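Here the structure comes first, spelled out in structure tokens, and everything after it is commentary.
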Amino acid sequence: MTKFVFVTGGVVSSLGKGIASASLAAILESRGLKVTLIKLDPYLNVDPGTMSPFQHGEVYVTNDGAETDLDLGHYERFIETRMRRSNNFTTGQIYKSVLEKERRGDYLGKTVQVIPHVTNEIQEFIKRGAGFETDHAVDVAIVEIGGTVGDIESLPFLEAVRQLSLRMGPNNSAFVHLTYVPWIAAAGELKTKPTQHTVQKLREIGIQPDVLLCRADRYIPQDECDKISLFTNVQQWGVISMPDVDTIYKVPRVLHEQGLDGLICDKLRLNTQPANLKRWDDLVFEVEHPQGEVTIAMVGKYVDLSDSYKSVNEALRHAGMKNHVRVQIEHVDSETITEASVSQLARFDAILVPGGFGKRGIEGKIQTARFARENRIPYLGICLGMQVATIEFARHMAGLAEANSTEFEPHCSQPVIALITEWKDADGTIKTRDANSDLGGTMRLGAQSSNVAEGTLAHQIYGNVVTERHRHRYEANVHYLDKLRVSGLVISALTQREQLTEMVELPQTVHPWFVGVQFHPEFNSTPWNGHPLFNAFIKAALGHQSSGKNLKAVA
Ligand code: GLN
């Protein structure tokens with residue numbers, strides 16, 4: 211039988227609820243339990259796919275092709291269970307489903323209301339996320355409720371989990387509340403009042419937390435913990451500090467040492483083996499004992515919000531640990547890169563152009579790819595980063611001066627990158643797709659595989675088959691591939707049926723490490739082994755550094 215832990219947040223947002231939930235899940239997994247995580251988002255968008263990365267951070271893509279909240283990335287990086295579409299849902303999805311049922315007449319003429327119809331729907335979605343009555347049912351599902359207690363938006367979610375907990379019966383669910391305990395410098399004191407208030411708010415709704423995770427810039431002294439316990443009706447051992455730490459990999463140990471997992475297992479009557487956090491301790495050791503450092507330029511347009519490229523940042527750090535080096539990432543705004551200014555990139559050990567949408571900053575990215583190619587600086591182009599590298603190569607090496615993507619130049623005469631529906635056959639007719647495929651003109655999403663050509667860098671990295679996740683609409687136009695090949699671009703992976711380019715590279719005789727990938731490898735990186743492509747990229751950055759060819763090494 212699946213048991214639930216509901217995680218709510220109080221006082222302010224951005225306290226690290228995702229990391230706290232993922233850390234608890236990781237500790238429970240280390241006790242031998244099968245665990246999953248579910249994220250409930252209180253906004254009305256059906257999914258974050260259409261939301262700007264400036265507002266919402268990265269859109270994380272699951273194997274089954276769902277566009278989800280970036281917290282699902284934390285989950286996959288912290289635990290073994292893979293996330294599915296059903297692990298994340300929004301108020302928008304709940305209402306969509308309720309309204310569809312209403313239109314179909316499923317409610318038999320009843321007045322459709324937030325309680326019970328919306329709250330029942332939420333409970334059904336939670337059970338689906340936990341794999342109820344399927345072969346992937348888990349022992350514990352940790353349900354993270356987005357937003358802050360007291361928001362109007364999240365009320366139906368809180369009511370739904372209160373009801374679900376009641377229906378599950380005693381000892382089948384636990385409530386964890388993340389709160390904030392500010393240090394007031396002028397008074398020299400930690401203040402517990404906001405915590406008292408947020409718990410009052412929760413109890414008003416009928417939820418009594420079993421655990422308070424108290425975020426603060428330090429450990430909360432015993433006196434203050436006792437006070438919090440007394441005023442919130444939470445047992446003393448349930449008041450747990452979540453102090454600032456310098457690496458997120460320390461969080462599982464910090465929580466375990468204060469007995470969080472023991473307390474949850476006790477409450478849920480789960481009898482397990484003891485927790486084993488060795489793999490986390492090893493990670494912390496790796497982070498704290500780097501043997502060198504590489505500096506990577508990340509040339510993109512969403513440079514102001516570091517969460518926009520969350521998974522890429524993490525994948526680079528994982529690969530750093532694998533190579534025993536600290537990775538410094540410098541975000542460079544592609545709009546600032548021009549022919550005159552591009553040489554500023556010479557000081558980096560390697561260059562990465564991540565995914566993106568829209569025309570802004572594109573010419574700067576094309577300049578970047580050219581600079582990396584001509585100066586033999588290791589280059590990794592991800593999705594849009596592969597497309598700009600292909601356009602650049604077409605323009606300057608294959609004599610296609612007008613090469614572009616129809617995303618940026620809809621009527622360009624040499625559409626080297628285009629929607630499949632825009633690929634033209636030699637006689638000029640628009641190529642139609644086979645009736646079973648639904649790729650062109652819509653987003654290509656989720657995990658797909660293709661063969662990798664022998665004798666390529668891609669083959670050294672992936673072996674015969676590459677399986678990675680996708681999120682894009684445009685593709686390298688098959689009708690230009692021969693021209694690009696003759697001019698020296700290697701197409702190292704191509705899907706069999708549709709002839710979609712998955713990977714391009716330069717021969718190692720002309721460039722030490724230049725790779726473009728149409729997919730998003732960053733979503734498959736974990737801290738345990740890194741990811742083979744990122745591991746190879748960081749290794750190439752180290753090679754470039756030790757060759758002394760970057761200006762930093764010269765200076
Ligand atoms: N905008 C490009 C496309 O839709 C690339 C997308 C991406 O980088 N994720 O194909």
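This note's numbering puts the first residue of the sequence shown at 211, with every later residue one more than the last.
Backbone N, C-alpha and C define an ideal beta-carbon position, used for all residues, glycine too.
Quantities reported herein were computed from a predicted structural model and do not represent experimental measurements.
Bounds of the alpha helix (DSSP H) holding residue 366 are 365 to 378. Here residue 424 carries a strand assignment [DSSP, helix/strand/coil].
Rounded to whole angstroms, the separation of the alpha carbons of residue 732 and residue 659 is 16 Å.
Residue 408: member of the alpha helix (DSSP H) spanning 403 to 415, first to last residue. For residue 565, the shortest separation between its Cβ and any heavy atom of ligand 1 lies below 7 Å.
About 7 Å separates the beta carbon of residue 711 from that of residue 691, a gap short enough to meet the 8 Å contact definition. Membership of residue 681 in any alpha helix (DSSP H) is not indicated; the residue belongs instead to the beta strand (DSSP E) covering 675 to 682. From the listed residues 245, 232, 219, 284, the smallest Cα separation to residue 252 is found for 219. When C-beta atoms of the region 547 to 554 are compared with those of the region 514 to 525, fewer than three pairs fall below 8 Å, so the two segments do not count as touching. Judged by beta-carbon spacing, residue 661 lies beyond the 8 Å limit of residue 709, meaning their Cβ atoms are not closer than that value.
When distances are taken from the beta-carbon of residue 266 to the heavy atoms of ligand 1, even the shortest one reaches 7 Å or more.
Look at the beta carbons and you see the region 374 to 387 touching the region 409 to 421: at least three pairs across the two are nearer than 8 Å. Membership of residue 510 in the beta strand (DSSP E) is indicated by the continuous run 503 to 510. For residue 727, the enclosing beta strand (DSSP E) has its first and last residue at 724 to 727. Beyond the five residues adjoining it in sequence on each side, residue 697 comes within less than 6 Å, by CB distance, of 607, 608 in the same chain, given in chain order.
Under the criterion of beta carbons closer than 8 Å, residue 304 and residue 332 qualify as touching, at roughly 6 Å. For residue 216, the enclosing beta strand (DSSP E) begins and ends at 213 to 219. Residue 571 is positioned such that its CB atom lies closer than 8 Å to that of residue 511. It is roughly 8 Å from the alpha-carbon of residue 453 to the alpha-carbon of residue 464.
Counting the other CB atoms within 10 Å of its CB gives residue 687 a total of 16 or more, which places it among the buried residues. If you check the C-beta of residue 512 against ligand 1, you find no heavy atom less than 7 Å away.
A distance criterion of 7 Å places the beta-carbon of residue 594 in contact range of ligand 1, judged by its closest non-hydrogen atom. One alpha carbon belongs to residue 283, the other to residue 598, and they sit about 26 Å apart. Of the heavy atoms belonging to ligand 1, at least one sits nearer than 7 Å to the Cβ of residue 617.
Taking the C-beta atoms as reference points, residue 561 is found nearer than 8 Å to residue 589. The criterion of a C-beta distance shorter than 8 Å is not satisfied by residue 268 and residue 437. Taking non-hydrogen atoms of ligand 1 into account, the C-beta of residue 624 is found less than 7 Å away from none of them.
One thing to note: residue 274 has its Cβ no nearer than 8 Å to the Cβ of residue 228.
Listed in chain order, the alpha helix (DSSP H) runs fully inside the region 475 to 555 are 488 to 498, 520 to 532, counting runs of at least 4 residues. Using a 10 angstroms sphere on the CB of residue 735, the tally of other CB atoms reaches 16 or more, which defines it as buried. Where residue 562 is concerned, the enclosing beta strand (DSSP E) starts and stops at 560 to 563. In the three-state DSSP reduction, residue 730 falls in the strand class (E or B). With contacts defined by Cβ atoms closer than 8 Å, residue 244 and residue 298 do not form a contacting pair. Under the three-state reduction of DSSP output, residue 346 falls in the coil class, being neither helix nor strand. Counting the other Cβ atoms within 10 Å of the Cβ of residue 745 gives 16 or more, which makes it buried. Within the chosen limit of 7 Å, ligand 1 reaches the beta carbon of residue 681 through at least one heavy atom.
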